[in-house]
Structures are given as C-alpha cells and as structure tokens.
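See below for the structure under consideration.
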Amino acid sequence: GAVVSQHPSWVICKSGTSVKIECRSLDFQATTMFWYRQFPKQSLMLMATSNEGSKATYEQGVEKDKFLINHASLTLSTLTVTSAHPEDSSFYICSARPGDFATNEKLFFGSGTQLSVL
Amino acid sequence: SQQGEEDPQALSIQEGENATMNCSYKTSINNLQWYRQNSGRGLVHLILIRSNEREKHSGRLRVTLDTSKKSSSLLITASRAADTASYFCATDGGSNYKLTFGKGTLLTVNP
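Chains as they are written, first to last, in this note's numbering: chain A, 1 to 118; chain B, 119 to 229.
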C-alpha cells in the first residue's frame, strides 16, 4: 500500500524559532497533499491544500505567512511554522492523495508531528 | 465548520462485543470514508462508501449510508483490544477530494 513518511515525529523548540516538517510519499506520486492540525482529543482541522508546482490554498483563518507550505516535487511537501509561539504547539499531520484515478479518493496519512513550543 | 459529527463521542465495550458508531453530515457528498487513529499517530483509511451505495463490508467492518438522513454507521463486529482507537468519518463533497472530518469516536475495547 501507499506509504507517507512524516518527519520529525516530535520537535521541541524555543519561542521565536522556525520549525520545518517534511511529508514524503515513498512509493507513489502525490499531486495533492494536505496539512492538518489536531488538538488533543479533537478532530483534524484542515490547514491548507498544496498542489505540486503551485501555491498552497489555505483554509479560512490560517495565516499563510505563519505556516509556509512548499510542494516542490511530486513526493515532497514541507510545512514551516515560522516564529513559533506556545499557541502553535499542536499535532500536525500531513496526508497525500495518489495521482492515479483508481486510488485517489482515499488519503494516506503521515504519522504526525508533535510540536511543542517553549 | 465540521461536516461530520460522530456519536457517541466515547464508547467502552468488552472484547468480543460489537461496536457501532454513527456519523451525521450536513451537505451532499460524493463519498463518505471512515478512518482510524491510534493515539498520537496518523490516520489509517478503513473503508469508503459512495453516495450511491447503501452498505459495504470489509472483514469485520460494516458501513451503511443513508443519504436521505445524511447519516452513516460503522459497525465493528467481534471487537478486539487492538481495535481500541479513535474512529473518524470524513466526507468528500468537492472536486479536490478535500475531506472534512468529524469529531471522532474514541473506542475502548477492554480485554
């Protein structure tokens, strides 16, 4: 089955620093990737949709200058949390949709990144 | 706003029992999907049911869809301790296959 690798699994950083999270599709090409944020015991909140080679589409209320998304290749998308603050602490999850029509209705998820900002 | 709303929010059962989770949604959909999430991990796709389907099976999973009531249910039969996880329904109603997730049901299966 399709595998999505997300790295790092967890990161602790100081307030004001930037953190980059990588999401890779290992055995398929992902034309579309999605980034979610999840608070403890809550659902996933879609932050943005990134399409390879074009700008990401951000959901309402998500600061595009705060959460920089780059999808420069068909197998890699990155989310950079810039000038992180304690309120940015959360679980971030990426997902990818394969490019072929037969399997592109379901999403494949990374294992998530727990970000803690001190 | 959340499209899918699961109930119950939490469910605790004994191993071997069946677990039923429900999901309601508000707008028209192309398909509805169920995902599972173990604590602190990503989500794993379980099953997809299209808007023109009423029931689907996969192993110990049975999903129903009632588009007139805008609701779906997930039944896990003969539950195991390893089924302990959060279960989310997700609806797909747009052209970009952007899924909207419900709040989830936390299932605990006691050995």
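Glycine included, every Cβ here is placed at the ideal spot set by N, Cα and C. All figures in this text were calculated on a predicted structure; none of them were measured in a lab.
Under the 9 Å criterion on CB atoms, Glu22/A is classed as non-interfacial with respect to chain B.
With a threshold of 9 Å between beta carbons, Lys14/A makes no contact with chain B.
The beta carbon of Arg180/B lies closer than 6 Å to those of Leu193 in the same chain, with the five residues before and after it left out. Burial check for Asn149/B: the Cβ neighbour count within 10 Å reaches 16 or more, so the residue is buried.
Against Gly160/B, the close residues of chain A are Val4, Gln6, Ile93, Cys94, Ser95, Phe108, Phe109, Gly110, Ser111, Gly112, in the order they occur along the chain (beta-carbon pairs closer than 9 Å).
For Glu22/A, the enclosing beta strand (DSSP E) starts and ends at 19–25. Ala200/B sits in a helix when the DSSP states are folded into three classes. The straight-line gap separating the alpha-carbon atoms of Thr218/B and Ala2/A is approximately 21 Å. At least one CB of chain A lies nearer than 9 Å to the CB of Tyr153/B.
Take Ile167/B, set aside five residues on each side of it, and the residues of its chain with a beta-carbon closer than 6 Å to its own are Leu150, Lys174, Val181, Leu183, in chain order.
As the crow flies, the alpha-carbon of Glu124/B is around 6 Å from that of Gly222/B. Linking Gln114/A to Lys144/B through their CA atoms gives a straight-line distance of about 31 Å.
The CB of Leu166/B comes closer than 8 Å to the CB of Glu105, Lys106 in chain A, given here in chain order.
One finds Gln120, Phe206, Phe219, Gly220, Lys221, Gly222 in chain B with Cβ atoms closer than 7 Å to the Cβ of Ser43/A, taken in chain order. Between the alpha carbons of Trp35/A and Leu161/B lies a distance of about 13 Å.
Within the region 22–58 of chain A, the runs of beta strand (DSSP E) that reach at least 3 residues and sit entirely inside it are, in chain order, 30–38, 44–51. Judged by DSSP secondary structure, His175/B falls within the beta strand (DSSP E) whose first and last residues are 173–176. In the DSSP assignment, Glu63/A falls outside any beta strand (DSSP E) and carries neither an H nor an E. A Cβ-Cβ distance of about 21 Å is found for the pair Ser9/A and Thr82/A, leaving them out of contact under the 8 Å criterion. Using a Cβ-Cβ distance cut-off of 8 Å, the region 17–33 of chain A and the region 93–100 of chain A are in contact, since at least three pairs of beta carbons, one from each stretch, lie closer than that value. What Asp210/B touches in chain A, judged by beta-carbon distance under 8 Å, is Glu105, going in chain order.
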